[in-house]
Amino acid sequence: MTAHAQTLRPARARRSTALSGDIRIAGDKSISHRAFMFGGLARGETRITGLLEGEDVLNTGKAMAAMGATLRKEDDCWVINGTGNGCLLAPDGPLDFGNAGTGCRLTMGLVGVYDFDTTFVGDASLSRRPMGRVIDPLRLMGVQVTAQPGDRLPVTLRGPRVAAPIAYRVPMPSAQVKSAVLLAGLNTPGITSVIEPVMTRDHTEKMLQGFGAALDVETGPDGVRTIRLEGQGALTGQHIDVPGDPSSTAFPLVAALLADGSDVLIRNVLMNPTRTGLIQTLREMGGSIEVLDPRLAGGEDVADLRVRGSRLKGITVPPDRAPSMIDEYPVLAVASAFAEGETVMRGLDELRVKESDRLAAVARGLELNGVDCTEGEDWLSVRGRPDGKGLGNAKGEAVATHLDHRIAMSFLIMGLASQHPVTVDDCAIIATSFPEFMQLMGELGAAIEEV
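Under UniProt numbering, the residues of the sequence shown are numbered 1 to 451, in order.
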């Protein structure tokens, strides 16, 4: 922690006039991670355009390079020559994922079943996050695990000579757990199955099929999905154009709703139904979000969004929507601070194990900036002030971001509509997922600056 504490870069946001502009968001983080992984594993060449070049994704690329893939950049295209499925090499040293939970957990699945030692390390934030949810199914497949107490990093995995296929029912809605088991199945003989009672983002299934994996998905009458993957098949290099990240889109989108008179066009946004919970929720709250030119790109739904300043009203967000917007609750809580009436968000237990305890971090940040809110074990209620009067912190006290990029960005958005400025203790961490955030918001007219 101490080393990072010396590099904290506080930032402050002030009330802004109408935002306007025509912007394109960097590539989706989830798809970017998987593009590097599958490209690094597939036989032949994979070309990726629109990749999110945040620190998290680049750490996944470095891990694939450490296991035998070659990566290079040609203009705006990443070119990867993969090893072929089943042919990853033992890395010379630990794989350092920095702050990247997705990269770390998915790679544990990918390489954990190989018959060699792989050690995973990360920064202070990632080292606090529980890895047991991914490690437990790997143990069932025969993987030997050495870990810190609570299955935390550093973790060393060693696969058996031949891994055992499993049928695994995911105990919580988690795309990372589902994906880790499927990726482990790639190098396992026979059929590996994942039973998913609540559907989560399905990029892994779609992309594996695109790379040629023998995978099928069956949805029962009760909505339970069963995904079956035949192991040890060939994957072939592909061309991938990564659509814009809906989780990053959330920040300029909410900013445009909150700043009176705003009119912002956001292009090329991923509209996969497993990722659009925030848009649906904000529309129900009265947000003016127009979906333009819906289209298919690389097997995924994308569209452009026109967002205009709106008067929001509080609603109760159903808990079954949580998997489709789990990363967007911090910025939804900020939007709720300016909505008329009360907004209630339930089913948020997954927020407790993100980059920080996001639920607690959001509640403390709201309280510091004058918002009337109540935090429960897995819920949050926010009572809004549509005029923003009294919101913000006139003394300049900073929100503790806990090395969490989404906490930092969410509260900087809050400052654009509150009476007093809002300060966060660090904006350096934003580079993990959205390195262009400060510049892009400035171009729209937002008053955000480092202090």
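Note that CB positions come from ideal geometry on N, CA and C, so glycine has one too.
Locate the beta strand (DSSP E) running through Ser381, then write down its first and last residues. Looking at the DSSP string, the run of the beta strand (DSSP E) that includes Ser381 is Trp379 to Arg383.
If we count Cβ pairs, one from each stretch, closer than 8 Å, do we get three or more for the stretch 14-22 versus the stretch 52-70? Contact between the stretch 14-22 and the stretch 52-70 is absent, because fewer than three Cβ pairs lie under 8 Å.
How far does the alpha helix (DSSP H) with Ile413 in it extend, from its first residue to its last? Bounds of the alpha helix (DSSP H) holding Ile413 are His405 to Gly415.
If the criterion is Cβ atoms closer than 8 Å, does the pair Gly233 and Thr188 meet it? Annotated as distal: Gly233 and Thr188, with beta-carbon spacing of 8 Å or more.
7 Å CB neighbourhood of Ile279 in its chain, flanking five on each side removed: Excluding positions up to five away in sequence, the list reads Ile289.
To the nearest angstrom, how far is the alpha carbon of Glu342 from that of Leu440? Straight across, the Cα-Cα distance linking Glu342 with Leu440 is about 31 Å.
Between the CA atoms of Ala100 and Leu403 - distance to the nearest angstrom: Here the C-alpha atom of Leu403 lies approximately 12 Å from the C-alpha atom of Ala100.
When you compare only the Cα positions, how much space is there between Arg169 and Ala214? Straight-line Cα distance between these residues: approximately 20 Å.
Between Gly44, Asp22 and Glu53, which lies nearest to His33 when the distance is taken from Cα to Cα? Its Cα nearest to that of His33, the residue Glu53 stands out among Gly44, Asp22 and Glu53.
Exposed or buried, Gln238, counting other C-beta atoms within 10 Å across all chains shown (16 or more means buried)? The residue is buried, with at least 16 neighbouring Cβ atoms inside 10 Å.
Buried or exposed for Arg161, going by 16 or more other Cβ atoms inside 10 Å? The residue in question, Arg161, is exposed, as its Cβ has fewer than 16 Cβ neighbours within 10 Å.
Within the chosen definition, does the stretch 323-336 reach the stretch 91-111 through at least 3 CB pairs nearer than 8 Å? Note that the stretch 323-336 does not touch the stretch 91-111; fewer than 3 beta-carbon pairs, one per stretch, sit closer than 8 Å.
Alpha-carbon spacing of Gly98 relative to Ile429, whole angstroms: Looking at the two C-alpha atoms, the distance is approximately 11 Å.
Classification of Met172 by the beta-carbon crowding that lies within 10 angstroms, buried from 16 upward: For Met172, the number of other beta carbons within 10 angstroms of its own is below 16, and it is reported as exposed.
What are the boundary residues of the beta strand (DSSP E) that residue 488 is part of? The requested residue 488 does not occur in the structure, where the chain is confined to residues 1 to 451.
Would you mind stating whether Val399 and Leu368 have Cβ atoms separated by less than 8 Å? Yes; because the gap between Cβ atoms is below 8 Å, this pair is in contact.
Can you list, in chain order, the residues of its chain whose CB lies under 8 Å from that of Gly21, leaving out five sequence neighbours each side? Hits under 8 Å: Val264, Leu265, Glu443, Leu444 and Gly445.
Pair within 8 Å by beta-carbon distance, Ile25 and Thr249: Taking 8 Å as the Cβ cut-off, Ile25 and Thr249 qualify as a contacting pair.
Contact the stretch 117-131 vs the stretch 83-97: 3+ CB pairs below 8 Å: Remark: three or more beta-carbon pairs, one from each stretch, lie closer than 8 Å, so the stretch 117-131 and the stretch 83-97 are flagged as touching.
Which same chain residues, not among the five before or five after Gln176, have their C-beta less than 8 Å away from its C-beta? Excluding residues within five positions, the ones whose Cβ falls inside 8 Å are Gly101, Thr102, Arg105, Leu106, Arg133 and Val134.
Would you say Ala13 and Val371 are within 8 Å of each other, going by their C-beta atoms? Val371 is positioned such that its CB atom lies no closer than 8 Å to that of Ala13.
What span of residues does the beta strand (DSSP E) with Thr118 cover, start to end? First-last of the beta strand (DSSP E) with Thr118: Asp117 to Val121.
Where Met1 falls, given that 16 or more other Cβ within 10 Å makes a residue buried: Confidence in Met1 is poor, its pLDDT being 31 and thus under 50, which makes the residue's placement too unreliable to answer from.
List the residues that DSSP assigns as beta-bridge partners of Leu157. The partner list for Leu157 (beta bridge, DSSP) reads Thr118 and Val145.
Output the boundary residues of the alpha helix (DSSP H) element that contains Asp56. Glu55 to Ala66 is the extent of the alpha helix (DSSP H) around Asp56.
Given a threshold of 16 other Cβ atoms within 10 Å of its Cβ, counted over all protein chains shown, does Glu284 qualify as buried or as exposed? By the beta-carbon neighbour count (other beta carbons within 10 angstroms, threshold 16), Glu284 is exposed.
Can you determine whether any heavy atom of the ligand NAP sits closer than 7 Å to the C-beta of Gly365, and answer yes or no? The model depicted lacks the ligand NAP and carries no ligand whatsoever.
Starting from Arg14, follow the beta strand (DSSP E) in both directions and report where the run begins and ends. Ala11 to Arg14 is the span of the beta strand (DSSP E), which, as asked, contains Arg14.
In terms of residue numbering, what span does the beta strand (DSSP E) encompassing Val424 cover? Start and end: Val422 to Val424.
Using CA atoms only, rank isn't needed, just tell me which of Ser324, Ala408 and Gly347 is closest to Glu375. Looking at the Cα atoms, Gly347 is the closest of the given residues.
Looking at the structure shown, is Leu296 part of a helix, part of a strand, or coil, going by DSSP? In this structure, Leu296 counts as strand in the three-state DSSP scheme.
Contact check, Leu257 vs Gly277, beta carbons under 8 Å: Gly277 is positioned such that its CB atom lies no closer than 8 Å to that of Leu257.
Grab me the residues of Glu449's own chain with a C-beta within less than 7 Å of its C-beta, minus the 5 sequence neighbours each way, in chain order. Short of 7 Å from the beta carbon of Glu449, and not among the five residues preceding or following it, lie these beta carbons of its own chain, in chain order: Ala11 and Arg12.
Please name the residue in Trp379, His420, Ala408 and Arg385 whose C-alpha comes closest to that of Ala394. Closest by alpha carbon: His420.
Leu258, enclosing alpha helix (DSSP H) - first and last residue: For Leu258, the enclosing alpha helix (DSSP H) starts and ends at Pro246 to Leu258.
For Pro386, which residues in the same chain have their Cβ closer than 8 Å to its Cβ, ignoring the five residues on either side in sequence? If we look at Pro386 and ignore the five residues flanking it on each side, its Cβ neighbours are Arg311, Leu312, Phe338, Ala339 and Glu340.
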